[in-house]
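S.K.:
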Amino acid sequence: MANSAKCFAICLWMSVLAHTSDAATRTPRTFDFEPTQFYGLFGPAKPVLNILPGDTVRTWTLDAEGFDSQGVRRKTLVNPQTGPFYIETAMPGDTLVIRFVRIRTNRTTADMYGDALAANALEPYSLRRETPVVKGSGTWTLDTERGVARLAQPSQKLTQFEVPLQPMLGCVGVAPAFGQSLRTVNLGAYGGNLDYSGVHEGATVYLPVFEPGALLFIGDGHARQGDGELTGTGLETSMDVEFTVDVIKGQTLGQPRIEDAEFVMISGIGGSLSDALQLATSGMVRWLKDTYSLNPSEIAMVLGSSIRYDITEIVDPQIHVVAKVRKDSLSRITATN
Numbered sequence: 003m004a005n006s007a008k009c010f011a012i013c014l015w016m017s018v019l020a021h022t023s024d025a026a027t028r029t030p031r032t033f034d035f036e037p038t039q040f041y042g043l044f045g046p047a048k049p050v051l052n053i054l055p056g057d058t059v060r061t062w063t064l065d066a067e068g069f070d071s072q073g074v075r076r077k078t079l080v081n082p083q084t085g086p087f088y089i090e091t092a093m094p095g096d097t098l099v100i101r102f103v104r105i106r107t108n109r110t111t112a113d114m115y116g117d118a119l120a121a122n123a124l125e126p127y128s129l130r131r132e133t134p135v136v137k138g139s140g141t142w143t144l145d146t147e148r149g150v151a152r153l154a155q156p157s158q159k160l161t162q163f164e165v166p167l168q169p170m171l172g173c174v175g176v177a178p179a180f181g182q183s184l185r186t187v188n189l190g191a192y193g194g195n196l197d198y199s200g201v202h203e204g205a206t207v208y209l210p211v212f213e214p215g216a217l218l219f220i221g222d223g224h225a226r227q228g229d230g231e232l233t234g235t236g237l238e239t240s241m242d243v244e245f246t247v248d249v250i251k252g253q254t255l256g257q258p259r260i261e262d263a264e265f266v267m268i269s270g271i272g273g274s275l276s277d278a279l280q281l282a283t284s285g286m287v288r289w290l291k292d293t294y295s296l297n298p299s300e301i302a303m304v305l306g307s308s309i310r311y312d313i314t315e316i317v318d319p320q321i322h323v324v325a326k327v328r329k330d331s332l333s334r335i336t337a338t339n
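Sequential numbering from 3 applies to the sequence shown in my numbering.
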């Protein structure tokens with residue numbers, strides 16, 4: 003028995019060493035993936051592609067109503083997802099890293115399906131005081147040469163109204179904990195329907211891993227979205243997406259983190275604005291402690307002077323608040339052993 007156990011341990015260690023050596027020397031691969039099926043749940047599902055840390059995937063997504071780049075409805079689901087992608091070596095307790103190299107609109111229109119503000123963003127009964135109006139078209143024209151969007155059939159007062167394009171992915175998620183399957187309108191520690199403009203080209207998303215392989219889903223492209231998603235939708239459109247994955251072994255913040263060239267951003271997702279804000283702030287406190295070994299007083303000085311908040315989602319089943327700090331401020335923290 004003892005010899006068998008010793009042999010098993012030696013063989014396991016040799017396997018780990020061989021895998022580590024292969025991972026260090028292998029050439030990362032790039033996949034051009036054409037999706038043929040789409041999912042309406044975040045959860046266990048048959049992977050569409052197995053990839054390794056360092057690999058890159060070039061693919062595309064449907065819009066929130068299931069329409070592709072040609073305006074063809076491919077799926078009658080809300081927020082149909084491309085994926086899931088199985089990332090080799092990713093295990094529960096790890097962190098999945100998704101670097102978005104490209105997030106670009108791939109058609110000339112987007113749709114904003116809602117034309118009324120969310121009641122929970124307004125004072126009580128204020129909507130009742132408004133005179134009902136005839137619903138107009140929510141279709142927007144995307145002018146990629148000028149980098150703007152404008153209403154395709156505007157009212158007279160909005161004929162000159164236009165907004166800069168800011169392509170983003172509303173959904174980036176992995177399979178949730180405990181084998182759950184959750185609708186793609188949901189969000190949580192696993193990511194999901196974050197609806198945050200910070201998930202843009204050039205951003206990196208860090209998600210905790212709950213299932214072997216992580217099972218990464220992406221979708222719900224927005225050409226632009228105001229904070230809070232006040233009408234229930236952004237400028238919904240299909241996207242071309244390119245991303246590279248990595249895995250941080252044995253470490254997890256337990257909630258989504260996002261970085262770009264300017265900010266470190268921590269997601270707080272809860273049942274109310276106060277809950278979400280507390281979770282976002284607490285996550286930022288843990289990240290500063292883990293990253294810079296700051297004590298509570300030092301953390302208070304940093305956040306008391308430099309934290310900012312985005313209220314990114316108020317109409318989904320959970321509220322999403324992001325706490326963020328500029329990287330140029332963080333660069334002034336003295337590193338110590």
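All C-beta atoms, glycine included, are put in the ideal place defined by N, C-alpha and C.
How many angstroms separate the CA atom of Asp330 from the CA atom of Gln39?
M.R.: Rounded to the nearest angstrom, the two C-alpha atoms are 42 Å apart.
S.K.: Of the residues Pro178, Val59, Leu232 and Gly181, which one's Cα is nearest the Cα of Ala118?
M.R.: The candidate whose alpha carbon is nearest that of Ala118 is Leu232.
S.K.: Using 8 Å for Cβ pairs, my map puts Ala177 next to Glu203. What's the rounded Cβ distance?
M.R.: Not really, about 25 Å apart at Cβ, beyond 8 Å.
S.K.: Using a Cβ-Cβ cut-off of 8 Å (strictly less than) and excluding sequence neighbours within five positions of Thr32, which residues of its own chain qualify?
M.R.: Correct list, in chain order: Asp57, Thr58, Val59 and Arg60.
S.K.: According to DSSP, what are the bridge partners of Gly172?
M.R.: DSSP output for Gly172 lists no bridge partner at all.
S.K.: Looking at the C-beta of Thr110, does it have a partner C-beta in chain C at a distance below 8 Å?
M.R.: Absent from the structure is chain C; it holds one protein chain and no more.
S.K.: If I measure Cβ to Cβ from Ala66 and keep anything under 6 Å in the same chain, skipping five residues before and after, which residues do I get?
M.R.: Within the same chain, Ala66 has close Cβ partners Asn81, Asp222 and Glu238.
S.K.: Please list, in chain order, all residues of the same chain as Ile53 whose beta carbon is under 8 Å from its beta carbon, the five residues on each side excluded.
M.R.: If we look at Ile53 and ignore the five residues flanking it on each side, its Cβ neighbours are Arg31, Phe33, Val59, Phe87, Tyr88, Ile89, Glu90 and Val247.
S.K.: What three-state label does DSSP hand Gln320 in the structure shown?
M.R.: Three-state DSSP puts Gln320 in coil, outside helix and strand.
S.K.: Measuring straight from C-alpha to C-alpha, what distance separates Gly270 and Leu184?
M.R.: Their backbone Cα atoms lie some 18 Å apart in a straight line.
S.K.: Asp262 and Gly172 - do their beta-carbons sit closer together than 8 Å?
M.R.: Against a cut-off of 8 Å, the Cβ pair of Asp262 and Gly172 comes out as no contact.
S.K.: Going by DSSP, which residues form a beta bridge with Trp62?
M.R.: Bridge partners of Trp62: Asp242.
S.K.: Pair every Cβ in the stretch 180-194 with every Cβ in the stretch 152-164, then say whether three or more of these pairs are closer than 8 Å.
M.R.: Not touching, per the Cβ criterion.
S.K.: Have a look at the DSSP bridge pairing and note the partners of Ala106.
M.R.: It is worth fixing the name first, because residue 106 is Arg in this sequence and not Ala. Answer is Asp242.
S.K.: Candidates Asn188, Ile105 and Thr29: which alpha carbon is nearest Ala205's?
M.R.: Ala205 has its Cα closest to that of Ile105, out of Asn188, Ile105 and Thr29.
S.K.: Indicate whether Val327 and Tyr311 have their beta-carbon atoms separated by less than 8 Å.
M.R.: The answer is no: Cβ separation not under 8 Å.
S.K.: Cβ atoms of Pro298 and Gly256: under 8 Å apart, would you say?
M.R.: Cβ distance not < 8 Å, so Gly256 and Pro298 don't count as in contact.
S.K.: Runs of 3 residues minimum, wholly inside the stretch 247-330: which ones carry the beta strand (DSSP E) assignment?
M.R.: 259-261, 265-272, 310-315 and 321-328, all fully within the stretch 247-330.
S.K.: For Ala112, write down the residues that DSSP places opposite it in a beta bridge.
M.R.: DSSP output for Ala112 lists Trp142 as bridge partner(s).
S.K.: From Leu332 to Val99, what distance separates their C-alpha atoms?
M.R.: Spanning the two alpha carbons is a distance of roughly 21 Å.
S.K.: May I ask you to report which of helix, strand or coil DSSP gives Thr29?
M.R.: Here Thr29 sits in coil by DSSP.
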